[in-house]
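Asker: Got a structure here, written out as structure tokens. Questions coming.
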Amino acid sequence: MKWILTCLTPVHIGTGRELHPMEYAIRNGTYYVLRLDPALEYLEGKVTGVVEKYMEHATQALEGLARSRGQGQKLRYYAEDVGILQFCEKELKRRDLAEQLLRQPDVVAYRCDGVTWRPQGKHRQVREQMKFNGLPYIPGTSIKGAIRTSLAYALLLDLSDQELDNLLGSFPDDRSSVRARIQALKRRYETALRHLEQGNEARAGQELDELTKQRGRLEKSIGEPLDHFFFRCGAENRGEVKYDEPHMDLLRVLRISDCHLRSGGMTVGEMFARAARRSAQSEIPIPAEMIDREARLEFEMSLDVRLLQEMARNASKSEREWIGFPEKFRRLFACEPQELLRLQKPDELARWEKEKLDLLLRRVHRHSVDILKRDERWAKKAANDVGQGLLQALNELRARAEKAGDGCLLRVGFASGWHATTVAMALEERGKTDLLSGLLYVFLMDLPQNLRRTLTRQGLSNKQNHGTILRLLCRTPDASAFPTSRRLLREADGQVTPIGWVWLEEASSAAVGTGRERRVEERSQPAESRTSEEITPEDLERLQRRFRGEE
Numbered sequence: 002m003k004w005i006l007t008c009l010t011p012v013h014i015g016t017g018r019e020l021h022p023m024e025y026a027i028r029n030g031t032y033y034v035l036r037l038d039p040a041l042e043y044l045e046g047k048v049t050g051v052v053e054k055y056m057e058h059a060t061q062a063l064e065g066l067a068r069s070r071g072q073g074q075k076l077r078y079y080a081e082d083v084g085i086l087q088f089c090e091k092e093l094k095r096r097d098l099a100e101q102l103l104r105q106p107d108v109v110a111y112r113c114d115g116v117t118w119r120p121q122g123k124h125r126q127v128r129e130q131m132k133f134n135g136l137p138y139i140p141g142t143s144i145k146g147a148i149r150t151s152l153a154y155a156l157l158l159d160l161s162d163q164e165l166d167n168l169l170g171s172f173p174d175d176r177s178s179v180r181a182r183i184q185a186l187k188r189r190y191e192t193a194l195r196h197l198e199q200g201n202e203a204r205a206g207q208e209l210d211e212l213t214k215q216r217g218r219l220e221k222s223i224g225e226p227l228d229h230f231f232f233r234c235g236a237e238n239r240g241e242v243k244y245d246e247p248h249m250d251l252l253r254v255l256r257i258s259d260c261h262l263r264s265g266g267m268t269v270g271e272m273f274a275r276a277a278r279r280s281a282q283s284e285i286p287i288p289a290e291m292i293d294r295e296a297r298l299e300f301e302m303s304l305d306v307r308l309l310q311e312m313a314r315n316a317s318k319s320e321r322e323w324i325g326f327p328e329k330f331r332r333l334f335a336c337e338p339q340e341l342l343r344l345q346k347p348d349e350l351a352r353w354e355k356e357k358l359d360l361l362l363r364r365v366h367r368h369s370v371d372i373l374k375r376d377e378r379w380a381k382k383a384a385n386d387v388g389q390g391l392l393q394a395l396n397e398l399r400a401r402a403e404k405a406g407d408g409c410l411l412r413v414g415f416a417s418g419w420h421a422t423t424v425a426m427a428l429e430e431r432g433k434t435d436l437l438s439g440l441l442y443v444f445l446m447d448l449p450q451n452l453r454r455t456l457t458r459q460g461l462s463n464k465q466n467h468g469t470i471l472r473l474l475c476r477t478p479d480a481s482a483f484p485t486s487r488r489l490l491r492e493a494d495g496q497v498t499p500i501g502w503v504w505l506e507e508a509s510s511a512a513v514g515t516g517r518e519r520r521v522e523e524r525s526q527p528a529e530s531r532t533s534e535e536i537t538p539e540d541l542e543r544l545q546r547r548f549r550g551e552e
């Protein structure tokens, strides 16, 4: 089934790469990402010996930076001094050549119009947005991962008290449970505490190093018991049941393709991290490429009902494999496996698929609305320069979600936050605050070791180090107030908005876009009118040429 994803706010799905100032340029509101080799090839036909001149210019600039104080930061943030446009303007004194370069398709990797962000200070590196065929896109794995977390959240809320206790590990002999894993970590840092109290800095350092490694391993695996309980069936091997077979994952049947751009475009903006009670001076700028608000992307999403029937048949034939299938199936799809096995006609299977997919997305929507409510609580406590604008943006998101009818609100990508990527709110609502505090220790346990290294570099005495680290290790995080900060986006008009909110709906029922969306389409798409959501190869080529800067 074809679906439409509409970006209700800007969305950033990063490649993990950051573009340095020498790799991009902003001219008259247009953001250009440049290729150096084609630029030099073009200049060779205009200026004799230009390659040698550029290499000499770059070498001198970098050597000058290396001799100056704070060379690391300067090399990292101010490398625009060796950018090819700056070379043309400042070294060759040829502004016309810089302008010509920006008109060369081979030189401009892609561009983005209507950019109001301007690099300031040292925060000049831009996080790169994922792209496919030169156009920004959202991987299907990002959508499915967010849906998986939301389903776990909703299913956890619906468990009985006994089921929840069994899952979380109320029994001391269950060493694989969430609670047992946290207790093992706590025993390690209790050992570190004893050495710190005794003034044994060397041994304490060893324990803290090991604690950091153990915490890193646990952070990656802490959610496995919940994931196995809800989605993955077990297989018995030598008397032990394991849940590590990917083909026994019930969510294998949820098929989600990558989301490809159909209208709208990309922008560049400055995200920032801000604590609720802090002033604007505490903000940490995070420049990034983003898929713009109201951009629309198309993707395929379906339930592979035939595969699910095959799973059900295999589970009914084996006692050593597909362990737990009936319970997991019943919990996830709110029916018995036999009900699905009785269906054979294509129209019956199609109705069942639509009904169950709607059920899953209603659960996802429930999680998203709860995230909005939690962020509203944070916004009400935040300083006025952030809180009021954010509260307005969150209210608009809720109102739009309520009016949109069939569909699903979802948060994806960078800055999704603690509540969107964990089941923390569900644990809090079920009264498991002690366990939630333990989870926070797992995710924050790198702080004491990082602080120890920082204090050592600053030359503070061991006694001061010990006291500071002891206080940090012994603190009890306030789970209800965590996290105390949010990553937000300040737009051109100064409005503060959250990041990563999208709306999913079937292509057949996709709502008509807002006026702002239509303006974006006019800028991105060919002038002739559209009568369908389908995109032609010619349309795709025009979009690609626009991002390459060819039109």
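Sequential numbering of the sequence shown, starting at 2, is according to the working numbering.
By construction, the Cβ of each residue, glycine as well, lies at the ideal position given by its N, Cα and C atoms.
Since we're looking at a predicted model, the values are computed, not measured.
By Cβ distance below 6 Å, which residues in the same chain neighbour Ile148 in space, the five residues on each side in sequence not counted?
Answerer: Only Val365 meet the Cβ criterion.
Asker: Could you give the DSSP three-state label for Pro286: helix, strand or coil?
Answerer: Pro286: strand per DSSP, three-state reduction.
Asker: Taking just the CA atoms, how far does Gly270 sit from Asp97?
Answerer: The alpha-carbon atoms of Asp97 and Gly270 are separated by roughly 28 Å.
Asker: If you run the structure through DSSP and keep just helix, strand and coil, what is Leu489?
Answerer: The answer is strand: DSSP assigns Leu489 an E or B state.
Asker: Return the chain-ordered ranges of every beta strand (DSSP E) run that is complete within the region 101-162 and spans a minimum of 3 residues.
Answerer: As far as the region 101-162 is concerned, its whole beta strand (DSSP E) runs of at least 3 residues are 109-113, 127-130, 136-139.
Asker: To the nearest angstrom, how far is the alpha carbon of Tyr78 from that of Asp114?
Answerer: Because the pLDDT of Tyr78 is 45, which lies under 50, any placement of that residue in the model is unreliable, and the number read from its coordinates should be weighed accordingly. Near 24 Å, if we compare the C-alpha coordinates of Asp114 and Tyr78.
Asker: For the alpha helix (DSSP H) holding Lys374, just list the boundary residues, first then last.
Answerer: Element bounds for Lys374: 347-382.
Asker: Assign Ala400 to one of two classes, buried (16 or more other C-beta atoms within 10 Å of its C-beta) or exposed (fewer than that).
Answerer: Result: exposed.
Asker: Which ranges would you report for the beta strand (DSSP E) in the region 206-261 if only whole runs of at least 3 residues count?
Answerer: If we require 3 residues or more, the beta strand (DSSP E) runs fully inside the region 206-261 come out as 236-238, 241-243, 255-257.
Asker: Determine which residues share a DSSP beta bridge with Ile85 and list them.
Answerer: Ile85 pairs with nothing; no bridge assigned.
Asker: Alpha carbon to alpha carbon, how far is Trp4 from Arg18?
Answerer: For Trp4 and Arg18, the distance between alpha carbons rounds to 29 Å.
Asker: Pairs of beta-carbons, one from the region 48-63 and one from the region 82-93, closer than 8 Å: are there three or more?
Answerer: Yes, the region 48-63 touches the region 82-93.
Asker: Can you name the start and end residues of the alpha helix (DSSP H) that Phe273 belongs to?
Answerer: It is not in any alpha helix (DSSP H) - Phe273 instead sits in the beta strand (DSSP E) that spans 267-276.
Asker: Is the beta carbon of Ala205 sitting closer than 7 Å to the one on His196?
Answerer: Yes, Cβ-Cβ distance for Ala205 and His196 is below 7 Å.
Asker: Applying the criterion that 16 or more other CB atoms from any shown protein chain within 10 Å of the CB defines a buried residue, is Ala528 buried or exposed?
Answerer: With a pLDDT of 30 at Ala528, under the threshold of 50, the modelled position of this residue cannot be trusted, and the question is left open.
Asker: Quick check on the burial criterion: 16 or more other C-beta atoms within 10 angstroms. Buried or exposed for Leu308?
Answerer: Leu308 should be labelled exposed.
Asker: Below 7 Å between beta carbons: does that hold for Leu9 and Trp502?
Answerer: Yes, the Cβ-Cβ distance between Leu9 and Trp502 is below 7 Å.
Asker: Secondary structure at Leu426, three-state DSSP: helix, strand or coil?
Answerer: Contrary to the premise, residue 426 reads as Met rather than Leu in this sequence. Three-state result, Met426: helix.
Asker: Among residues of its own chain, excluding the 5 on either side of Asp259, which ones have a beta-carbon nearer than 8 Å to its beta-carbon?
Answerer: Cβ neighbours of Asp259 beyond the five flanking positions: Phe133, Tyr138, Ile139, Pro140, Gly141, Phe300.
Asker: Taking C-alpha atoms, which residue in Glu322, Asn385, Pro106, Gly30 lies nearest to Met249?
Answerer: For Met249, the nearest C-alpha among the options comes from Glu322.
Asker: Report the rounded CA-to-CA distance for Glu507 versus Asp407, giving the unit in angstroms.
Answerer: Approximately 8 Å, taken between the alpha carbons.
Asker: For the beta strand (DSSP E) that Ile27 lies in, which residues bound it at each end?
Answerer: Where Ile27 is concerned, the enclosing beta strand (DSSP E) stretches over 25-28.
Asker: From the DSSP secondary-structure annotation, give me the bridge partner or partners of Trp323.
Answerer: Answer is none; Trp323 lacks a bridge partner.
Asker: Let me check understanding here. Comparing Cα to Cα, which of Pro39, Lys47, Cys89, Gly30 lies closest to Tyr55?
Answerer: Here the closest residue by C-alpha is Cys89.
Asker: Given a cut-off of 7 Å on the beta-carbon distance, is the pair Leu304 and Val254 in contact?
Answerer: Taking 7 Å as the Cβ cut-off, Leu304 and Val254 qualify as a contacting pair.
Asker: Please confirm whether Glu290 and Gln496 have their CB atoms less than 7 Å apart.
Answerer: In this structure, Gln496 does not lie closer than 7 Å to Glu290 by Cβ.
Asker: Which of helix, strand or coil does DSSP assign to Asp174?
Answerer: Any reading at Asp174 must be qualified, since the residue scores a pLDDT of 44, below 50, and its modelled position is unreliable; the value itself is stated next. Coil.
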